[in-house]
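Participant: I'd like to ask you about the structure that follows.
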Amino acid sequence: MKTAHICFLWHMHQPYYTDPVAGSASLPWVRLHATKAYYDMAYGLEKFPAIKATFNFTPSLLR
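Rendered as structure tokens:
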């Protein structure tokens, strides 16, 4: 039987929710997703080290 290679790629995209006048975040979505779904994905990979995945983060998540 032939081996199939699969690549899992998650594109983590959140737009900037910053109020340019106040200079503060106007909506909590980045924080909400970072502590919920994004954390769960990293935790799952930690539990199964043989699984490899690629994460692509947009700048709003790295700031």
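In the working numbering, the protein residues as written are 33 to 95.
Beta carbons are placed, not taken as given, at the ideal position from N, Cα and C, and that holds for glycine.
Bear in mind that the values here come from a model prediction, so they are computed numbers and not experimental data.
1. Could you give the distance in angstroms between the alpha-carbon of phenylalanine 40 and the alpha-carbon of serine 58?
2. Between Thr35, Trp42, Lys34, which has its C-alpha nearest lysine 84's C-alpha?
3. Have a look at Thr86, His37, Met44 and flag the residue whose alpha-carbon is nearest the alpha-carbon of threonine 67.
4. For isoleucine 38 and threonine 86, what's the separation of their Cα atoms in angstroms?
Facilitator: According to the data block:
1. Cα-Cα distance, rounded: 32 angstroms.
2. Out of Thr35, Trp42, Lys34, Trp42 has the C-alpha closest to the C-alpha of lysine 84.
3. Out of Thr86, His37, Met44, Met44 has the C-alpha closest to the C-alpha of threonine 67.
4. If I take the Cα positions, the gap works out to 11 angstroms.
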